[in-house]
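Structure first, then comments.
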Amino acid sequence: MLELHDAPLAPLTTFRLGGPATRLVTATTDAEVIAAVRAADADGTPLLVIGGGSNLVIGDKGFDGTALCIATRGVELTGTRLELAAGEVWTDAVARTVEAGLAGVECLAGIPGSAGATPIQNVGAYGQEVSSTITEVIAYDRHAGETVTLSNAECAFSYRHSRFKGDPERYVVLRVRFELEDASGLSAPLKYAETARALGVEAGDRVPLAAARETVLKLRAGKGMVLDAEDHDTWSAGSFFTNPILTDADFAAFHARVRERLGEGVEPPSYPAGDGHTKTSAAWLIDKAGFTKGYGSGPARISTKHTLALTNRGEATTEDLLALAREVVAGVRDAFGITLVNEPVMVGAGL
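The C-terminal position of the sequence shown is numbered 364 in the working numbering, with every residue numbered one higher than the one before it.
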């Protein structure tokens with residue numbers, strides 16, 4: 014177990030932002046993870062758990078406590094059952110399932126970060142969410158002081174949310190188990206219209222797994238959503254805001270604001286989101302509120318490829334990023350009466 018003091022955290026995040034940690038511990042086994050967590054809890058030391066750092070915004074002052082970088086490794090694939098150590102690189106794991114001919118996570122290709130972070134955020138993209146394939150999550154329960162196994166139902170998954178995100182001080186994910194599908198080399202039925210169009214098929218169709226993965230990677234790359242150290246559009250956390258889910262009454266009020274601002278013929282994006290609720294597009298809201306691709310004049314700007322990504326152009330501070338995020342939130346609220354919610358986890362920072 015590697016231990017450093019006054020250690021920079023910015024290199025451990027895809028934003029490349031944030032100040033140092035008082036102490037940084039890198040754990041390569043589950044036992045080391047548990048030992049580090051127990052030591053911090055016994056001392057009453059604040060603990061920050063870091064996986065791939067792709068969904069994390071750290072304040073410029075850094076973190077006064079122990080930052081635990083989970084670098085565990087381990088992949089077990091038995092039939093259609095997959096178990097990943099929390100520190101496994103998610104994109105590599107997706108590639109491995111496609112090579113094995115198993116469907117269920119192929120449309121989650123290219124998402125940066127670690128396997129252990131996927132249940133926390135209920136990671137999803139292009140019509141798939143990990144909650145559809147996760148069967149169990151093995152975690153260290155800091156309250157009970159023991160390792161526990163939580164079923165899919167016990168994880169309480171919802172849109173970009175879970176039991177782990179709702180109670181962030183309690184669980185540290187150690188391993189994640191999935192049940193995938195052997196569809197004779199074909200993908201799961203495509204649910205996302207953009208993916209189906211790019212593949213020249215209809216929504217609900219299946220395509221070869223490799224084709225689904227490659228298409229998603231191309232779509233993501235076109236939006237700056239595949240990590241590339243030379244491309245500042247990828248110095249981000251991907252989607253910075255979640256897509257708003259509105260009640261029927263709130264959506265009707267929003268629709269009226271759209272007609273008033275943009276004209277009678279303009280229809281905002283709308284997707285069913287459960288009884289009495291409709292989801293709309295944060296990217297559309299940002300764009301129609303006047304924050305177009307590349308918006309900004311400072312070192313933090315909206316991506317030149319996608320309005321939903323806020324980026325570090327190379328010399329930004331976290332405060333630069335937050336100032337831009339606040340400007341976007343205020344602009345969308347003024348234009349449409351909707352308050353956007355940040356998707357990344359904030360540490361020593363906030364909107």
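Cβ coordinates follow ideal geometry from the N, Cα and C atoms, glycine included.
Note that the structure is a prediction, hence the values are computed from the model and not measured.
DSSP lists Phe191 as the beta-bridge partner residues of Ile147. One Cα belongs to Ser164, the other to Phe349, and the distance between them is close to 39 Å. DSSP, read as helix, strand or coil, puts Pro132 in helix.
Scanning the segment 260-343 from its first residue to its last, the whole alpha helix (DSSP H) runs of 4-plus residues come out as 261-275, 295-301. Straight across, the Cα-Cα distance linking Gly72 with Glu280 is about 38 Å. Per the coordinates, the alpha-carbon of Ala80 lies some 9 Å from the alpha-carbon of Ala20. Remark: C-beta atoms of Ser127 and Gly32 do not approach each other more closely than 8 Å. Runs of the beta strand (DSSP E) lying entirely within the segment 61-118, each at least 3 residues long, are 69-71, 76-83, 88-91, 94-98 in chain order. Of the residues assessed, Leu61 falls on the buried side of the cut-off, its CB having 16 or more other CB atoms within 10 angstroms.
Its chain contains Lys292 as the residues whose beta carbon lies nearer than 6 Å to that of Tyr284, once the 5 sequence neighbours on both sides are disregarded; these appear in chain order. Rounded to the nearest angstrom, the gap between the Cα atoms of Ala269 and Arg339 is 24 Å.
Ala296 and Ser249 have their C-alpha atoms some 15 Å from each other. Contact between Val229 and Ala122 holds: their C-beta atoms lie close to 5 Å from each other, under 8 Å. Cβ contact annotation for Val186 (same chain, cutoff 7 Å, sequence separation greater than five): Ala99, Gly129, Pro132, Ile133, Val150, Ala152, Phe177, in chain order. In this structure, DSSP gives Pro33 an extended state, which the three-state scheme calls strand.
For Thr160, there is no enclosing alpha helix (DSSP H); the residue is part of the beta strand (DSSP E) that begins and ends at 159-164. In the same chain as Ala286, and ignoring 5 residues on each side of it, the C-beta atoms closer than 6 Å to its own belong to Ile258, Lys292, in chain order. If you draw a straight line from the Cα of Pro59 to the Cα of Thr208, it is about 42 Å long. Within its own chain, the residues whose Cβ lies closer than 8 Å to the Cβ of Val214, once the five positions on either side in sequence are excluded, are Leu203, Val220, listed in chain order. Here Leu17 carries a strand assignment [DSSP, helix/strand/coil].
Exposure of Lys231 is indicated by the presence of fewer than 16 other C-beta atoms within 10 angstroms of its C-beta. Comparing C-alpha distances from Arg226 to each of Asp244, Ala216, Thr247, Ala201 shows the shortest one belongs to Ala201.
According to DSSP, residue pairing for Leu199 in a beta bridge involves Pro221. Beyond the five residues adjoining it in sequence on each side, Thr331 comes within less than 7 Å, by CB distance, of Leu30, Gly31, Val70, Ile71, Gly72, Asp73, Ala362 in the same chain, given in chain order. In the same chain as Arg155, and ignoring 5 residues on each side of it, the C-beta atoms closer than 8 Å to its own belong to Val50, Asp54, Glu182, Arg183, Tyr184, Val185, in chain order. Thr41 and Asp218 have their C-alpha atoms spaced approximately 41 Å apart. Straight across, the Cα-Cα distance linking Asp244 with Gly158 is about 43 Å.
Closest by C-alpha distance to Gly276, out of Gly289, Asp263, Lys301, Thr255, is Lys301. Residues of the same chain with a CB within less than 8 Å of the CB of Leu364, apart from the 5 flanking positions on each side, are Leu335, Ala338, Arg339, Val342, Asn355 in chain order. Within the same chain, Val111, Gly114, Ala116, Glu119, Gly198, Leu199, Ser200 come within 7 Å of Leu222 by CB-CB distance, once the 5 residues on both sides are set aside. When secondary structure is reduced to three states using DSSP, Ala23 falls in the helix class.
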